[in-house]
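Going down the list, the protein sequences come from chains A and B.
Each residue of the first sequence is one higher than the last, beginning at 1 in our numbering.
Each residue of the second sequence is one higher than the last, beginning at 420 in our numbering.
Just so you know, even glycine gets a beta-carbon here, dropped at the ideal spot from N, CA and C.
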Amino acid sequence: MTDPAFQFEVVIIGAGPAGMAAACAAASSGKKVALIDNTPWLGGQIWRGEQGHPTMPQAQKWIESVRRSGVTVLENTSVIAKLEEHKLLAEHPNGPREICWQKLIVATGARELFLPFPGWTLPGVFGPGGLLALVKNGWPIAGKKVVLAGSGPLLLAVADGLKKRGASIVSMGEQAPRERLLRFGLRLLRHPAKIIQGLGIKKRLLGVPFRYGVWPVKAHGGERVHRVELTDGQRSWTEECDVLACAFHLVANLELPMLLGCKVSQGFVMVDEWQATTAASVYCAGEPTGIGGADSALVEGRIAGYAATGQLDQARALFAERRSWRRFQAALAEAFELRPEVKKLASNETIFCRCEDVSFERVRNFSGWREAKLLTRCGMGACQGRTCGAASQFILGWGIESVRPPVMPARISSLLIKN
Amino acid sequence: MSDGVQVFVNGRAVVVAPGTVVAAAVALAGETEFRRSPLGSPRGPLCGMGVCMECRLTINGQSECRSCQTLCETGMRVQTHD
Numbered sequence: 001m002t003d004p005a006f007q008f009e010v011v012i013i014g015a016g017p018a019g020m021a022a023a024c025a026a027a028s029s030g031k032k033v034a035l036i037d038n039t040p041w042l043g044g045q046i047w048r049g050e051q052g053h054p055t056m057p058q059a060q061k062w063i064e065s066v067r068r069s070g071v072t073v074l075e076n077t078s079v080i081a082k083l084e085e086h087k088l089l090a091e092h093p094n095g096p097r098e099i100c101w102q103k104l105i106v107a108t109g110a111r112e113l114f115l116p117f118p119g120w121t122l123p124g125v126f127g128p129g130g131l132l133a134l135v136k137n138g139w140p141i142a143g144k145k146v147v148l149a150g151s152g153p154l155l156l157a158v159a160d161g162l163k164k165r166g167a168s169i170v171s172m173g174e175q176a177p178r179e180r181l182l183r184f185g186l187r188l189l190r191h192p193a194k195i196i197q198g199l200g201i202k203k204r205l206l207g208v209p210f211r212y213g214v215w216p217v218k219a220h221g222g223e224r225v226h227r228v229e230l231t232d233g234q235r236s237w238t239e240e241c242d243v244l245a246c247a248f249h250l251v252a253n254l255e256l257p258m259l260l261g262c263k264v265s266q267g268f269v270m271v272d273e274w275q276a277t278t279a280a281s282v283y284c285a286g287e288p289t290g291i292g293g294a295d296s297a298l299v300e301g302r303i304a305g306y307a308a309t310g311q312l313d314q315a316r317a318l319f320a321e322r323r324s325w326r327r328f329q330a331a332l333a334e335a336f337e338l339r340p341e342v343k344k345l346a347s348n349e350t351i352f353c354r355c356e357d358v359s360f361e362r363v364r365n366f367s368g369w370r371e372a373k374l375l376t377r378c379g380m381g382a383c384q385g386r387t388c389g390a391a392s393q394f395i396l397g398w399g400i401e402s403v404r405p406p407v408m409p410a411r412i413s414s415l416l417i418k419n
Numbered sequence: 420m421s422d423g424v425q426v427f428v429n430g431r432a433v434v435v436a437p438g439t440v441v442a443a444a445v446a447l448a449g450e451t452e453f454r455r456s457p458l459g460s461p462r463g464p465l466c467g468m469g470v471c472m473e474c475r476l477t478i479n480g481q482s483e484c485r486s487c488q489t490l491c492e493t494g495m496r497v498q499t500h501d
């Protein structure tokens with residue numbers, strides 16, 4: 001019997017922009033709503049505050065809205081399995097939780113795409129977004145020499161954030177060619193706020209070398225990274241650094257929606273105009289349906305929250321705004337599309353699966369993910385293939401066929417819970 | 420700012436600001452290596468958001484904790500290389 005304290009009419013998984021917007025919209029119906037997140041914070045990764053204090057006004061506003069909405073916030077709570085229809089199993093530091101729902105909104109966000117290259121396992125190599133998240137929670141960065149490389153609009157935003165906190169930015173390298181990014185800049189004319197934001201960042205980063213059409217080929221160091229080798233395809237050079245922040249844009253967090261039976265197409269959860277997935281009573285909003293950033297996620301979240309609670313007119317009123325953000329999503333995908341060269345960064349000896357130390361040579365000739373897992377333990381370690389699985393999809397074209405519970409490493413005691 | 424939070428990283432006392440995650444306390448204690456991979460190569464945090472598990476270590480005797488997602492609490496005992 002589930003504790004009545006954990007029975008809700010609407011449950012939202014993920015307290016980033018999409019989840020918070022969904023929670024507020026759903027709560028406006030008067031229904032009993034819960035917002036679950038696996039961190040101690042509201043705001044998700046994109047709105048990570050400074051040591052627990054939100055810094056962006058927009059984030060602050062939404063966090064206050066959630067607090068006032070009457071939504072039950074379940075923080076530090078990781079959903080690990082589906083127990084039966086309409087019942088989730090989650091883990092909290094104080095023990096397992098069974099959480100019942102009538103409508104479910106999945107807003108699990110995105111993570112950075114890491115592609116293996118020689119030296120990428122060295123301490124001091126981070127994802128740019130991840131590094132900034134750590135720095136906002138006390139990781140020492142002042143005085144450190146940082147090279148940023150890879151792809152995506154996060155590179156600039158992170159460089160700005162790190163510089164503000166005293167890091168010395170050595171250089172930034174974006175793999176996308178200059179022409180494509182200029183075209184993207186022109187398309188942003190539809191979203192003037194994005195341009196103003198971008199120009200502000202550019203101004204603050206004046207004097208920091210930013211190169212287009214550049215990507216990393218090797219990180220050097222013994223116990224930690226000391227140097228990184230970069231290339232523009234014609235020539236290569238090395239730069240000294242204490243930290244290399246490198247990722248290749250974002251990929252959707254699909255493990256939970258897939259576990260819940262939501263159909264996925266080309267890397268994203270399929271949704272209809274109400275943000276409803278192919279799984280009954282399950283909705284999805286934000287990055288899992290397409291990478292578009294916080295503003296795009298907010299609109300989708302609101303539509304999902306309204307639709308899940310039968311407030312269809314309110315949902316419909318946001319369709320035009322969503323259309324505009326869908327165009328932005330398409331422009332983003334086109335601008336930061338990865339060049340084929342970054343599929344070839346790993347050498348035979350490069351570790352492909354970090355958890356199980358499986359080299360690229362051992363996995364590259366398998367026909368698919370399942371076979372590679374069975375015969376090499378690739379993707380079978382602690383991260384459950386979140387890192388190398390995403391890389392294998394991009395580099396080797398493999399698909400992830402299935403997701404099995406628990407979707408996150410869990411305690412035995414959590415799994416012994418009686419149904 | 421309110422008072423610092425004292426934690427112990429591999430037995431060494433470190434005082435951090437409230438709201439600091441355990442991974443940051445480990446870095447502030449001067450440790451660069453959080454764990455060793457199965458073949459013995461040094462590892463530290465990669466994703467910073469609870470996905471990659473490279474930052475996992477032992478907190479108050481509980482192994483396999485994601486240090487990037489756990490806030491420091493007074494008196495916490497943190498052990499790298501679990």
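| Check | Outcome |
| --- | --- |
| Against chain B, which members of the stretch 327–342 of chain A pass a CB distance test of less than 9 Å? | none |
| Whether or not the stretch 38–54 of chain A and the stretch 307–322 of chain A are in contact is what I'm after, with contact meaning three or more pairs of Cβ atoms, one per stretch, closer than 8 Å; do they touch? | no |
| Compare the C-alpha of B/P437 against each of B/R431, B/R462, B/M495 and B/D501 and name the closest. | B/M495 |
| To the nearest angstrom, report how far apart A/A15 and A/C24 are at their CA atoms. | 11 Å |
| For a contact meaning CB atoms closer than 7 Å, what does B/E483 contact in chain A? | P409 |
| Quick check: A/N253 and A/R111, are their CB atoms within less than 7 Å of each other? | yes |
| Would A/L74 and A/A81 qualify as a contact pair, given that the criterion is a beta-carbon distance under 7 Å? | no |
| Could you round the C-beta distance between B/E473 and B/G463 to whole angstroms and report it? I think they count as a contact, below 8 Å. | 7 Å |
| Output the residue ranges of the beta strand (DSSP E) runs that lie fully inside the stretch 112–160 of chain A and measure 3 residues or longer, sorted by chain position. | 145–151 |
| Strictly by DSSP, which residues pair up with A/Y212? | A/E174 |
| Pick helix, strand or coil for B/T477, following the three-state DSSP scheme. | strand |
| Of all Cβ atoms in chain C, is any one closer than 7 Å to the Cβ of A/A280? | Among the chains of the structure shown, chain C does not appear; the protein chains present are A and B. |
| Beta-carbon separation of A/V147 and A/L162 under 7 Å? | no |
| Beta carbons nearer than 7 Å to chain B: which residues of the stretch 205–238 of chain A have them? | E223 and R224 |
| Flag B/E492 as yes if its beta-carbon sits less than 7 Å from any beta-carbon of chain A, otherwise no. | no |
| From which residue to which residue does the beta strand (DSSP E) around B/Q425 run? | V424 to V428 |
| Smallest Cα separation from B/A444: which of A/P40, A/A304 and A/W139? | A/W139 |
| Hey, is B/E452's beta-carbon within less than 7 Å of any beta-carbon in chain A? | yes |
| With DSSP run on the structure shown, which of helix, strand or coil describes A/K218? | strand |
| Would you mind sorting A/N137 into buried or exposed? The rule is 16 or more other CB atoms within 10 Å of its CB. | buried |
| Helix, strand or coil, according to DSSP, for B/P461 in the structure here? | strand |
| Using the Cα positions of A/A307 and A/P192, report the straight-line distance between them to the nearest angstrom. | 29 Å |
| Short of 8 Å Cβ to Cβ, which residues in the stretch 347–358 of chain A face chain B? | I351, R354, C355, E356 and D357 |
| Alpha carbon to alpha carbon, how far is A/G198 from B/Q481? Give it in angstroms, no decimals. | 43 Å |
| State the DSSP-derived secondary structure class of A/G95, mapped to helix, strand or coil. | strand |
| According to DSSP, simplified to helix, strand and coil, what is A/A18? | helix |
| Our contact map puts A/S171 next to A/P209 with C-beta atoms below 8 Å; I'd like the distance itself, whole angstroms only. | 4 Å |
| Going by the beta-carbon positions, is the gap between A/T350 and A/F360 smaller than 7 Å? | yes |
| Secondary structure at A/Q51, three-state DSSP: helix, strand or coil? | coil |
| Three-state secondary structure (DSSP) at A/C284? | strand |
| If contacts are defined as beta-carbon pairs under 8 Å, then A/I201 and A/R165 qualify, I think. What distance do you get, rounded to the angstrom? | The pair is not a contact, with the Cβ atoms about 14 Å apart (cut-off 8 Å). |
| For the putative contact between A/I291 and A/Q329, defined by C-beta atoms under 8 Å, what is the C-beta separation to the nearest angstrom? | 6 Å |
| Could you check what DSSP says for A/M408 in three-state terms: helix, strand or coil? | coil |
| Relative to the C-alpha of A/L42, which candidate in A/M56, A/A333, A/G173 and A/E337 has its C-alpha closest? | A/M56 |
| Any chance you could list the beta strand (DSSP E) runs of at least 3 consecutive residues sitting entirely within the stretch 252–325 of chain A, in chain order? | 282–284 |
| Could you pull out every residue in the same chain whose Cβ sits closer than 6 Å to the Cβ of A/E229, ignoring the five residues on either side in sequence? | V217, K218, S236 and T238 |
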